[in-house]
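Residue numbers (the numbering used here), protein chains in the order written: chain A, 1062 to 1415; chain B, 1062 to 1415; chain C, 1062 to 1415; chain D, 1062 to 1415. Ideal Cβ positions, reconstructed from N, Cα and C, are used throughout, including at glycine.
Protein chains: 4
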Amino acid sequence: MSKKLRVGILGATGMVGQRFIQLLENHPQFEITALAASDRSQGKSFQEACTWRLAGEMPAFVKSMTVAAPEPPLDCELVFSSLPGEGGLARESEGAFARAGFPVISNSSAYRMEADVPLLIPEVNHEHLALLDVQRKTHGGKGFIVTNPNCSTIMLALALAPLHAKFGVQSVVATTMQALSGAGYPGVPSLAISDNVLPFIDGEEEKIEQETLKILGKLQGAEIEAAPMAVSAQCHRVNVSDGHMAAVRVKLDRAVGIEDVKNALSSFTALPQELQLHSAPKYPIIVREEPDRPQSRLDRDAANGMSVSVGRILPDNVLDYRFVALSHNTIRGAAGAAILNAELLIAIGILKQE
Amino acid sequence: MSKKLRVGILGATGMVGQRFIQLLENHPQFEITALAASDRSQGKSFQEACTWRLAGEMPAFVKSMTVAAPEPPLDCELVFSSLPGEGGLARESEGAFARAGFPVISNSSAYRMEADVPLLIPEVNHEHLALLDVQRKTHGGKGFIVTNPNCSTIMLALALAPLHAKFGVQSVVATTMQALSGAGYPGVPSLAISDNVLPFIDGEEEKIEQETLKILGKLQGAEIEAAPMAVSAQCHRVNVSDGHMAAVRVKLDRAVGIEDVKNALSSFTALPQELQLHSAPKYPIIVREEPDRPQSRLDRDAANGMSVSVGRILPDNVLDYRFVALSHNTIRGAAGAAILNAELLIAIGILKQE
Amino acid sequence: MSKKLRVGILGATGMVGQRFIQLLENHPQFEITALAASDRSQGKSFQEACTWRLAGEMPAFVKSMTVAAPEPPLDCELVFSSLPGEGGLARESEGAFARAGFPVISNSSAYRMEADVPLLIPEVNHEHLALLDVQRKTHGGKGFIVTNPNCSTIMLALALAPLHAKFGVQSVVATTMQALSGAGYPGVPSLAISDNVLPFIDGEEEKIEQETLKILGKLQGAEIEAAPMAVSAQCHRVNVSDGHMAAVRVKLDRAVGIEDVKNALSSFTALPQELQLHSAPKYPIIVREEPDRPQSRLDRDAANGMSVSVGRILPDNVLDYRFVALSHNTIRGAAGAAILNAELLIAIGILKQE
Amino acid sequence: MSKKLRVGILGATGMVGQRFIQLLENHPQFEITALAASDRSQGKSFQEACTWRLAGEMPAFVKSMTVAAPEPPLDCELVFSSLPGEGGLARESEGAFARAGFPVISNSSAYRMEADVPLLIPEVNHEHLALLDVQRKTHGGKGFIVTNPNCSTIMLALALAPLHAKFGVQSVVATTMQALSGAGYPGVPSLAISDNVLPFIDGEEEKIEQETLKILGKLQGAEIEAAPMAVSAQCHRVNVSDGHMAAVRVKLDRAVGIEDVKNALSSFTALPQELQLHSAPKYPIIVREEPDRPQSRLDRDAANGMSVSVGRILPDNVLDYRFVALSHNTIRGAAGAAILNAELLIAIGILKQE
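Pasting the structure below:
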């Protein structure tokens, strides 16, 4: 058995940072050797710096680690980043790590739409990793940046991928009902969401509308050509702790029966399943036939939070089909997505365990 | 000043029945003289039969009234009905009252889609009241049935009405986030909705898709011709006490600027405003410019729960425009809707205060 | 009719500040002529500076008022303060206003336990206003400070007052379940309270245990002698927007029947009722006989939020009696309390309307 | 390794019944061979009869089992019962099973207070199992009934046990904030608990006040002598899915330092720990030092839901000490309690695996 890759977590004290720690605690391929955060916690032990907000106790192995600044070098071979995309910190920090020779596996929005940065979902567009050659040519060195999509976009793009591959997706109308953990901590004030729905999440509709086109786009030479489809997103915050839901309508390029749609989704597997990546769910998409599923609380943890649950697949009066999708926004939608990305990079030899 | 009309409430102990009582307590044109319910409460005083579930106290004047069976005759000149549409009771009871000569102003779904029954929103389709002539010819007698739409449909149809009148609506995609009170009491178990979203409300999507076409349809001779548009509805239950929200996209018959859309909505008034009906809001549609409105808790009580709040009016990538609508589901969406219907019937002489 | 007193609000943008504005909008004795806040909002219009968080719209009359610093002088005859008690700002600001000759009617904790500052509940201890003579002697000038208790303490002290007056209270065990609005805005993060109870509110147990003794204490010469009782408080935050609940046990000085306890509470009225102060409820304490009342949502608005509802009065196995109390924490527990204090000061001539 | 005991579940479709199935799915000593329920589900497959309400999927092995009536005989060697204590069904059914020779390990309230029925918490009062001799003498046969306490009582009695053993508990004042799952399904309507606290749970205060005395009582000959202490309970339902919290004050028989109290709790272990029973937590009581713990969501799953978390241990002004306790109401408070009881019965030879 090969040695574990030594990883650093940028943004380790936040909600997604804590998920990274939780998911990596017993991971066979990675061990956390550095923790960094952007705030006043630098120089403190992680136990002092971080109030653990996930169920269960803070894993013992991180308690006495010292929180560093999110600047290279760190004592590790690659970094996972969940630095906030807003405000420039992620852009600056991740760029610095890449230039300093570190592979950066980022959940941040900072570099997602850069022309030479893969916006990766291993089941959907692993061929986009060819962009790393472009990065290498431009910047030289061993460092690079691979990003994963926004927490709602991942779910949507995963559910669309098999439909687009088989039938062609012409247009998509997605309406999300998103969980509180998507806003981090402290995030949404309780008085704002108590007995309420908020019809606005800053920047979210734009992210879904743009990222989806890149993810489902085709690699043409050294560039991603955006998928030729129209995407409409309306985003809402609802009083749910974890689990983003989306009501989706799709118009396909050609007429297709509802059983074909269901089969395309339920039978979908891809490279991560073939390679049996550690975090890869057996079925990326779980199709449910009950009339009242998926539900946020009941389905968010499907396949340890890595599967997207899809239900209520029905013909639609305006577009062709509609369905409801749900997935765990801080696992498949954030930390778990980045870890699966790194697992793929190991499996295909881009990251090397010595 | 004319004498108040004496009214009976069918389904008086339910959530909508209680709203009827609350809204009629100090109404200038109606006084409640009879209460009927479908359950074991018959023969009891209302105070014994009913656990009051609205904020504030049960109005004193109903406490000692005896709950009757929902069968004619009742000691009143007209009945408001909030009997449940499912299971046949509303159909039987309302039909019996109409045949017995009572005007029936119903919030139930039982007769909404009948060809000779107006599905009335006073601001939208008062000309549909011509169907009452058909009812009279068919059944004879003084009794008749007027219905109001489903709680989500009212909001949607009101918001669409000025757009359809001015620009023509070709298709509508509506995704609802509906309140708990829409399911009545006991309704949704707390364990079912705690930290959860339910993507299914039995019969709701069909009601929205069908009723909207009738409401926005044209009276052709003695019939309503369904509006020539496509409506798609996906419905969800969220953890909010009162206030239904809908994320809506519309495709219009012709190109139109966003300011025209906003103006059409914000300047919309109709017959109820002209006649200054007691429950009519000054503006049926309130357009909000803040990026994060409307919100369920903050906007449901606009104009005493009778206005629909619309915000986030934006161009859409797939259809033409999108917006978020919100209204109070048991006021404008149920009891208040029925009362406004009755107020219109008085104002135009169909119901007579002696 | 006399001219309205011109008042300034310190801390106008906060949750309690907004309640002050809402409650004073149509008040017959006060008009708001100045708004001050401690934050970056100074110099802005109130509309720009403040996001309105109460149901309904921001009252029109405050929208264009400019937010000042909470420093004297302000264009007003007295100030209501809801500055935060922590961090020294309230202490500094209120002291400065008093020294500058302004009556300060404060909801802050800064001066509550000062020996010469009345901790006033008009129904309970108006004789404590004699302390204002002490203030005047010490500091000179026309300015003074009158405070109202902590939001939970008010409810508890009001419920204890008639029992203490009639039977003597020897010890009190109170366990609170407090609303989110008590923590202000943004206050409690939604992720902290979702599907949760928090057993800790910083400083709250101490405030209840200390303030109760002062409020129920006796004026002896120029001092308040603490009431000779023991008070135990355990405080919890629950997922409720408004309305603090307390489960209370009391041990009395002498044996007394349960009907005597109920009567003492339900028949309790005092000077504010006699003087018919504008905000005084007809009954400061409403005794409920239903087994499942009071409830936060159903009872918090009793008497416009100014009455304390008490139910489940029962013999107790360890102390003598137990009951459950509930009141609105930002009305009777904060802004409404301060306004009632000011109304009393007018009625007894300490504040003068010219 | 010995054969697994074959068990039947009475009340298998309810919330606690589902917990039994979940906890027994991979249990080394028990296998479920019969499912019974009191309702219309008899004769159906469990999959048809039961809507699975716990997170995750219904375990595959129960799906095709047929639901029987809760009447002997069933194809099993012992029964676990979670039949409702109210209405007489549990009393009748459990009595019949015992008379028919089945050991009955019951979570129901029906027989808890019977003089010859052990009300068992394995860490607290295993010597009460001597009552089974009394049962055997009275009724003959191999059948018997062992019960576990009410979900709140277990937590309270466990936390009191080491204090009572070491210092003597004279009086207890407990105020509970209980979860929704304690009321079963459908249980509490969402409209009843939304933005609310309910100060009433039918029969709960009495159960806590009575059962605690029996559990902590001493076996004197063939009888349990109630513990000589006074217990006061006030019970509230709060908007939390799982996890009962109690704010507790205790008066001890003698003066004792706070560190002694903490040590008594944190060091407490008993027979189940010694015998290393499968479901026994390493520490029945986990003492937390953070000022804001225990919390319902964060601590309910401690030791797989089998430990009671205790925090905020402080001196009290009225009694001697106070603290906050929390445990999982359907695991340690119900299904897990019964299973631990059965594990103890095996370990000490009362139940025999062949």
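Nearest-angstrom beta carbon gap, Met1290 of chain C and Leu1274 of chain C [assumed within contact, 8 angstroms]: On the third sequence, residue 1274 of chain C is found 213 positions in, with the first residue counted as 1. On the third sequence, residue 1290 of chain C is found 229 positions in, with the first residue counted as 1. Going by Cβ atoms, the distance from Leu1274 of chain C to Met1290 of chain C rounds to 7 angstroms, so yes, they are a contact pair.
Arg1114 of chain B (DSSP reduced to helix, strand or coil): What you label residue 1114 of chain B is simply residue 53 of the second sequence in a count that begins at 1. When DSSP states are grouped into helix, strand and coil, Arg1114 of chain B belongs to the coil group.
Test: Leu1241 of chain B CB closer than 7 angstroms to a CB of chain D: What you label residue 1241 of chain B is simply residue 180 of the second sequence in a count that begins at 1. Yes, because at least one Cβ of chain D sits closer than 7 angstroms to the Cβ of Leu1241 of chain B.
Exposed unless 16 or more other CB atoms sit within 10 angstroms - verdict on Thr1208 of chain A: Counted from its first residue, the first sequence places residue 1208 of chain A at position 147. By the 10 Å Cβ count, Thr1208 of chain A comes out buried.
Chain A contacts made by the stretch 1273 to 1306 of chain D, where a contact means CB separation under 9 angstroms: Ser1302
Same chain, Cβ closer than 6 angstroms to Val1348 of chain A, neighbours up to 5 away in sequence not counted: Sequence index remark: in the first sequence, residue 1348 of chain A carries index 287 (1-based). Once the five neighbours on either side are set aside, the close Cβ partners of Val1348 of chain A are Lys1323, Leu1326, Ser1327 and Val1371.
As assigned by DSSP and simplified to three states, the class of Ala1288 of chain A: To locate residue 1288 of chain A, count along the first sequence from 1; it is residue 227. Coil.
Host beta strand (DSSP E) of Met1238 of chain D (start-end): Sequence index remark: in the fourth sequence, residue 1238 of chain D carries index 177 (1-based). In the DSSP assignment, Met1238 of chain D falls within the unbroken beta strand (DSSP E) covering Val1230 to Gln1239.
CB of Leu1280 of chain B within 7 angstroms of CB of Glu1188 of chain B, strictly: Start at 1 with the first residue of the second sequence, and residue 1280 of chain B comes out as number 219. Start at 1 with the first residue of the second sequence, and residue 1188 of chain B comes out as number 127. Yes. Within cutoff.
Buried versus exposed, by CB contacts within 10 Å (16 or more), Phe1107 of chain B: Walking along the second sequence from the start, residue 1107 of chain B turns up at place 46. Label assigned to Phe1107 of chain B: buried.
Segment contact flag, the stretch 1392 to 1409 of chain B with the stretch 1144 to 1152 of chain B, C-beta cutoff 8 angstroms, min 3 pairs: no
Proximity test, Cβ basis, 7 angstroms: Asn1186 of chain D and chain C: Numbered from its first residue, the fourth sequence carries residue 1186 of chain D at position 125. Answer no: the Cβ-Cβ gap between Asn1186 of chain D and chain C never drops below 7 angstroms.
Selection of the stretch 1348 to 1377 of chain A by Cβ proximity to chain D, strictly under 8 angstroms: Arg1358, Leu1359 and Asp1362
Three-state secondary structure assigned by DSSP to Gly1148 of chain C: The residue labelled residue 1148 of chain C in the question sits at position 87 within the third sequence. In this structure, Gly1148 of chain C counts as coil in the three-state DSSP scheme.
Short CB-CB distance (under 7 angstroms) between Ile1070 of chain A and chain C: Within the first sequence, the letter at position 9 stands for residue 1070 of chain A. So no, Ile1070 of chain A is outside the interface.
Contacting positions in the stretch 1206 to 1239 of chain C - beta carbon closer than 8 angstroms to chain D: Ser1232, Val1233, Val1234, Thr1236 and Met1238
Contacts that Leu1259 of chain D makes with chain C (C-beta to C-beta distance below 7 angstroms): Walking along the fourth sequence from the start, residue 1259 of chain D turns up at place 198. Within 7 angstroms Cβ-Cβ: Asp1353 and Gln1356.
Beta strand (DSSP E) segment containing Pro1164 of chain B, residue limits: Looking up residue 1164 of chain B in the second sequence gives position 103. First-last of the beta strand (DSSP E) with Pro1164 of chain B: Pro1164 to Ser1167.
Chain A contact residues for Ala1007 of chain B, given Cβ-Cβ distances below 7 angstroms: This structure does not reach residue 1007 of chain B, given that chain B is present from 1062 up to 1415, and the question cannot be answered.
Test: Ile1254 of chain B CB closer than 7 angstroms to a CB of chain D: The residue given as residue 1254 of chain B occupies position 193 in the second sequence. By this cut-off, Ile1254 of chain B is an interface position.
Neighbouring residues, chain C, relative to Arg1114 of chain D (Cβ below 9 angstroms): Translated into the one-based positions of the fourth sequence, residue 1114 of chain D becomes position 53. Within chain C, no residue comes near Arg1114 of chain D; the closest Cβ sits about 15 angstroms away, beyond 9 angstroms.
Contiguous beta strand (DSSP E) assignments of at least 3 residues, all confined to the stretch 1237 to 1308 of chain A: Counting whole runs of 3 or more residues, the stretch 1237 to 1308 of chain A contains the beta strand (DSSP E) stretches 1279 to 1281, 1284 to 1286 and 1291 to 1298.
Boundaries of the alpha helix (DSSP H) in which Phe1329 of chain D is found, first to last residue: By one-based count along the fourth sequence, residue 1329 of chain D stands at place 268. Premise fails: Phe1329 of chain D is in no alpha helix (DSSP H) and is neither H nor E.
Neighbouring residues, chain A, relative to Val1249 of chain C (Cβ below 9 angstroms): Indexing the third sequence from 1 puts residue 1249 of chain C at position 188. Simply Pro1247, Pro1250, Ser1251 and Leu1252.
8 angstroms CB neighbourhood of Asn1168 of chain C in its chain, flanking five on each side removed: Counted from its first residue, the third sequence places residue 1168 of chain C at position 107. Here the set comprises Val1077, Phe1141, Ser1142, Ser1143, Thr1208, Asn1209, Ala1395, Ala1396, Ala1398 and Ala1399.
Cβ separation of Val1369 of chain A and Pro1345 of chain A, assumed to be a contact under 8 angstroms, to the nearest whole Å: Against the first sequence, residue 1369 of chain A aligns to sequence position 308. Against the first sequence, residue 1345 of chain A aligns to sequence position 284. Going by Cβ atoms, the distance from Val1369 of chain A to Pro1345 of chain A rounds to 7 angstroms, so yes, they are a contact pair.
Under 9 angstroms from the C-beta of Glu1270 of chain A: neighbouring residues of chain B: Along the first sequence, read from residue 1 onward, the residue named residue 1270 of chain A stands at position 209. Those are Asn1378, listed as they occur along chain B.
Exposure of Gln1414 of chain A, with buried meaning 16 or more beta-carbon neighbours within 10 Å: The residue labelled residue 1414 of chain A in the question sits at position 353 within the first sequence. Result: exposed.
Proximal residues of chain A, C-beta to C-beta of Arg1393 of chain B below 8 angstroms: Here the question's residue 1393 of chain B lines up with position 332 in the second sequence. Residues of chain A passing the Cβ test: none, with the nearest at roughly 17 angstroms.
Asp1360 of chain D burial status per 10 Å Cβ neighbour count (16 or more: buried): Residue 1360 of chain D sits at position 299 when you count from the first residue of the fourth sequence. Label assigned to Asp1360 of chain D: buried.
Ala1308 of chain C: contacting residues in chain D (beta-carbon distance under 8 angstroms): Position 247 of the third sequence, counted from the start, is the residue given in the question as residue 1308 of chain C. The contacting residues are Thr1236, Pro1260, Gln1295 and His1297.
Local Cβ density within 10 Å of Pro1134 of chain C, reported as buried at 16 or more and exposed below that: For the purposes of this step, residue 1134 of chain C is taken as the residue at position 73 of the third sequence. So Pro1134 of chain C ends up on the exposed side.
As assigned by DSSP and simplified to three states, the class of Lys1323 of chain C: The residue you call residue 1323 of chain C lines up with position 262 of the third sequence. In the structure shown, Lys1323 of chain C sits in a helix (DSSP, three-state: H, G or I).
7 angstroms Cβ cutoff, Arg1040 of chain C in contact with chain D: With chain C covering 1062 to 1415 only, the question about residue 1040 of chain C has no answer from this structure.
Inter-residue Cα distance where the pair is Val1123 of chain C and Pro1145 of chain C: Here the question's residue 1123 of chain C lines up with position 62 in the third sequence. Here the question's residue 1145 of chain C lines up with position 84 in the third sequence. Cα to Cα, Val1123 of chain C sits roughly 21 angstroms from Pro1145 of chain C.
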